[in-house]
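Take a look at the structure below.
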Amino acid sequence: MAEKKTKKETAPKKKEAKTESKAAAPAQAKKAIAPAPSAKDARIGVFICHCGTNIAGSIDIKAVEDYAKTLPNVAFAANYQYVCSTPGQKIIADAIKDHNLTGTVVAACSPRLHEPTFRTATKEGGLNPFRFEMANIREQGAWVHMHDREGATDKAKDAIRIAVAKASLLQDLIPKSVSVEKAAMVVGAGVAGMQAALDLANAGIKTYLIEKSPSIGGRMSQLDKTFPTLDCSQCILTPKMVDVGRAPNIELMTYAEVAEVEGYIGNFDVTIRRKPRGVLTPEEAEARGIVGGGCNGCGDCDPVCPVIQPNEFEMGMKPRKAIYIYHPQVVPLIYTVDFDSCIKCGLCVEICGDKKAIDLEMKEELVKVKVGTAILALGYDMFPIEKKDEWGYNKFENVVNSLEFERLICASGPTGGHLVRPSDGATPKKVAFLLCAGSRDNTGIGKPYCSRFCCMYSLKHAHQIYEKIPGVQAYLFYMDIRSFGKMYEEFYYRIQDEGARFIRGRVSNILEDPATKNLFIMADDTLLDRPMKLEVDMVVLAAAVQPSADTDRTRKLFGVSCSLDGWLLEAHPKLNPCGTTTAGVYVAGVCQGPKDIPDTVASAEGAASAASIPIHKGEVELEPYFAQCIEEKCAGCGMCINLCPYQALSLVDKEGRQVMEVTEAKCKGCGTCGGFCPGGAIWMQHFATPQIVAQIDAFLLGGAK
Amino acid sequence: MAEDWKPQILGIICNWCSYAGADLAGSARTQYPPDIRIVRVMCTGRVDPLFILKAFTDGADGVLVSGCHFGDCHYLEGNYKGAKRMFIMKSLLKNIGMEDKRLRMTFVSASEGAKWAKVVEDVVNTVTELGPNPLKELAK
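The listed protein sequences derive, respectively, from chains A and B. In terms of the working numbering, the first sequence has 107 at position 95, counting the first letter as 1, and numbering is strictly consecutive. In terms of the working numbering, the second sequence has 138 at position 55, counting the first letter as 1, and numbering is strictly consecutive.
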C-alpha cells in the first residue's frame, strides 16, 4: 500500500524528467547545453552484487544495503547473488519501472567489465542507458582488502555514496553513430600480417598491408624448417607470399612505415611514409610514361654495383650490393637501393637501360589512406644476447644465435645448408644448444618471461644436425623443456631417441681456446648435482625474443598500450586477446607476446575476424563523452583551442561575439579542455564538472543534501 | 591526533591506465590499505585544479591523481597537461602553507597492478604521517 502511494506521488516527477530530457535533444542540436537534472528530483536504485563470495566474502552486503537505503535520492536498494545474471538484470529493469527510478547504481565489479551489461539493463527498464553509474567494490574493494572486512565494507559504502551522487546528476545521452570506411590496414607483413591481410581481403575488404622492409615474409621466411612437422618454412610460406602479392583486394606497400594516425574507429586517416626505394615498379614506370619499363627483377644491376654491404636477411653472413633483393623469392620482386651506402655512380642506371627502372634521386613520399580498422602485426627481434657477457656472443666466433643457425643450416643460406664453424669453415662435430638464453632471466639483464618457442626450435636444430652431419653430438642445456603443443612432446621423445644429450642446468660461463677456437662450457648438471666442463666445436644460443625495434613508436601512433616488457597490451588477456583499448585497433602475432607459428596464424585469423566486424556492420557507436560549450559562460578566450590534441575545437562568431564550437566527430572526450577552461564554460558530457564535484562532495561531506 | 585516525584520500584516476592498473591489482589480489576513494575520469587532462581545491576545502587529507605514463596517454598528451596543472597546484598548496606532499601525481599503466598497490600504500603512509588536513581544524 505504502509502495503504491510513493508510485503515485512520483509518477508526475518521472514525466518531468522525461520532458526535460526531450528538451535536451533539440538544445544539443544547436550546441547549447541542457541544464543538468537537478539532484532534488533524482530517484536512484542501488543494486549490490555478491558475485558469489567474490564480494560477499570480504564485504558485509547487508550493512552496505542498509546504508545505501539511508542515502539521499536513493529510492530503492537491493542485493543479489549475481546482478549480471539474467534474473539480476531483470531486478534492475523491474525496479526502474516499479519505483520510477531516474538512475541506477550497480555496486559490483569494474565498469571496465560490466558497464555495457548494466547499461543495457537500465535501457530495458526504460531509462537512457547513460543514467547508469557503477561502484567498483570488487577489483578495487573486496579483492584488495580481503582481510579487512570493516575497511572494505566502509570503502564500499563510500563508493556507493559517490556513485549515487553522480547518478543523481546524470543526463540522457545519445551515442553518436558513425559510418565505417570499408577498408582495413595491416601493419607488418610477417606471417601474422599476411594471414590477417589475406583473410580481410578474402572477406571482400580492401586492405592496405604495410611492411617496413623491402619484402614481405617476416621472420618466418628466414627459418629453414618448422617444428614438429619439419615442413620447409619457405615452402609453406612462399605460396602465401605470392597470394598476398596477387590478391586484388590487397594494396601492398613494402619499404614503408606508418607516419601518422588520426581519427577513430571507422575513420582512421593514416599517413604512410614510403621510403625512397630508388627503383620503380612497372606500374610506377607506366605512370611516369615509361612504356614497358620498371623493375622486372632481372638482376642485371646487381653484378655492376661496386658497393658491398652485409645482407640483413642472412644475419649479415652473406654480402649484398647497394642495390639488392634479400633472396630470390622476395615479394614484390623489385630491387631496392640502399641510399645509406649507395655512391650514386650510376652504373646500375646504365645497365638497366630502356627499362629506366632506377631513379637515384627518388624522394620519400607520404601517402594518405582512410581505413575503418587496423591490425598491428609488428613481430619481434632477437634479444641482444651479447648483453649476457658470460656466453661470449660477439666475442667468440663460434658462438652464434639461433636465427644465425637457421640461416647456416638453410639450403638457401650463405653456406648452402652446410653447417660450418664461422671461425674456420669446418663442420662441427659437437654442438651445444643453450636454451633460455636471456629468457626466464631474473638478473635484470635478460627477460623475465618465457620466449615460448625456443625449446621447440632447439629440438628441431638438434634434429637437423643429426640429419645432416654423420657422427655429430648435440648437447642441450635446458631449465625445463616446454613442449606443450600438439605433437610437440612426441617430437621431444624423438630427439632424445636420436641421441641428443640433455643437461638440466644453466651455463655459467663459456671460454674459448684461442688456438682451436673450440669452446669450453662450464655448467652445473643439476640432475646429477655436479659441476661439469664440456669442450664443443660450436655453441648456439636460443636467445630470447623482444618486441621489434619499431613497436614502441608504432603502438603510440595507434594509441595502444604495452605491458611491462613492451609487448602490446590486449583488451582482455582471455576474452578479448586480439582487441586493444583503442576501438578499431587489433593485434596479431608475436607483438602481443611470444607465439609459435600455429598460434601466430590463429591470432592473425582472430584479429582479421574482429577487424572485419565493424566494417561489415557498416557503422559503430561512439560513446557520447563529447565536450560541449556553455555559450553563456564562454568568453571566447580560445585557451581550449590549443589544448585539444584533436583539433576538435574552434572559435566561431555567434551573435556578435566569439564562442568556442566543438566538432563532435573529432572530439574523443578526454576532457583536457574542460579541465582548464577558466570560465567553466565547457561541459564534458558524462564527466561534467558538477557531476565530479558532487562525487568529491559525496565522499568528503557525506553526500549531496 | 586520535589513535584510530584514518586519512581520507581522494584518488582521481584515468580510465585507460591507472584505473585499469587498479583493476589488475584487484584480479591479482594484491592487497593494499583501504583508505582511498576513487573518482574515475577518462583522462588526467580532465582534472580541473578546482577538483583538487574542492577536495582539500572539503577536508581531504590527501589527493592522488594518477594517469598514463608520458607518451602512453590514450588521448596523446592529456597526461602532460594534467601533470603540468598538478605541479602548479603543488606550488599553490605550498604558498598557502599546506604540505604539497598531500597532493601526488603518479603514472601507473594498465599492466602495473603491483605498482598501483605500492603507490596507494605509499600515499596512505605519507598522508598518515602528515596527519589530518589543517583546513579541517581551521574550519571549526
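Every residue, glycine too, gets a C-beta built ideally from N, C-alpha and C.
- In terms of CA proximity to E644/A, E673/A leads the group A554/A, E673/A, D166/A, A423/A.
- Against T113/B, the close residues of chain A are V156, in the order they occur along the chain (beta-carbon pairs closer than 7 Å).
- Assignment of alpha helix (DSSP H) within the region 393 to 437 of chain A, counting only whole runs of 4 or more residues, yields 414 to 421 in chain order.
- In terms of beta-carbon proximity, M672/A stays away from the interface with chain B, with every pair separated by 8 Å or more.
- Counting only residues of its own chain and dropping the five nearest sequence neighbours on each side, I217/A has a CB closer than 7 Å to the CB of K194, A195, A196, N261, S624, I627.
- In the structure shown, I171/B adopts helical secondary structure according to DSSP, grouped into three states.
- The alpha-carbon of A222/B is positioned some 30 Å away from that of K167/B.
- Around D611/A, no beta-carbon contact reaches into chain B at under 8 Å, the shortest distance being about 21 Å.
- Secondary structure note for E479/A: its alpha helix (DSSP H) is the uninterrupted segment 466 to 480.
- Cβ contact annotation for A54/A (same chain, cutoff 8 Å, sequence separation greater than five): N85, T114, G115, A179, S180, L181, in chain order.
- In this structure, the beta-carbon distance from V176/A to V117/A falls below 8 Å.
- With fewer than 16 other CB atoms across the displayed protein chains lying within 10 angstroms of its CB, G138/A is exposed.
- Check the Cα spacing between C307/A and each of K368/A, I284/A, L249/A: the tightest is with K368/A.
- Taking 8 Å as the upper bound for CB-CB distance, G230/A and A201/A are in contact here, some 7 Å apart.
- Scanning S227/A, T165/A, I56/A, P315/A for the CA closest to the CA of R120/B turns up T165/A.
- Under the three-state reduction of DSSP, I609/A is assigned to helix.
- Put simply, the CB of W99/B is near chain A, with a gap under 8 Å to one of its CB atoms.
- Under the criterion of beta carbons closer than 8 Å, S227/A and Q246/A do not qualify as touching, at roughly 12 Å.
- The C-beta of G686/A has 16 or more other C-beta atoms within 10 Å across all chains shown, which makes the residue buried.
- Taking 3 residues as the shortest admissible run, the region 129 to 197 of chain B contains the following complete beta strand (DSSP E) segments, listed from N- to C-terminal end: 145 to 150, 186 to 190.
- Around the beta-carbon of N148/A, 16 or more other beta-carbon atoms lie within 10 Å, marking it buried.
- Rounded to whole angstroms, the gap between the alpha carbons of L221/A and N214/A is 14 Å.
- Check the Cα spacing between L218/B and each of S110/B, T140/B, V122/B, V207/B: the tightest is with T140/B.
- Assignment of C682/A by DSSP, reduced to helix, strand and coil, places it in the coil class.
- Three or more Cβ pairs closer than 8 Å define a contact, and the region 429 to 445 of chain A meets that threshold against the region 401 to 410 of chain A.
- With a cutoff of 8 Å on beta-carbon distance, A105/B and I96/B are scored as near each other.
- With at least 16 other beta carbons inside 10 angstroms of its own, L159/B counts as buried.
- Beta-bridge partners of H584/A (DSSP): N588/A.
- In terms of Cβ geometry, K252/A and Y267/A do not form a close pair [threshold 8 Å].
- Contacts between D141/B and chain A, judged by CB atoms closer than 7 Å, involve I708, D709, L712, L713 in chain order.
- From the listed residues A555/A, A554/A, L553/A, G578/A, the smallest Cα separation to R565/A is found for G578/A.
- Your pair I179/B and A143/B does not check out as a contact, with CB atoms roughly 15 Å apart and the cut at 8 Å.
- Across the region 475 to 491 of chain A, no CB contact with chain B closer than 7 Å is found for any residue.
- Within its own chain, the residues whose Cβ lies closer than 6 Å to the Cβ of N91/A, once the five positions on either side in sequence are excluded, are I60, I73, E77, listed in chain order.
- The shortest CA-to-CA distance from A168/A to any of L447/A, T293/A, S70/A, I457/A is the one to S70/A.
- Taken through DSSP and simplified to helix, strand or coil, N454/A comes out as coil.
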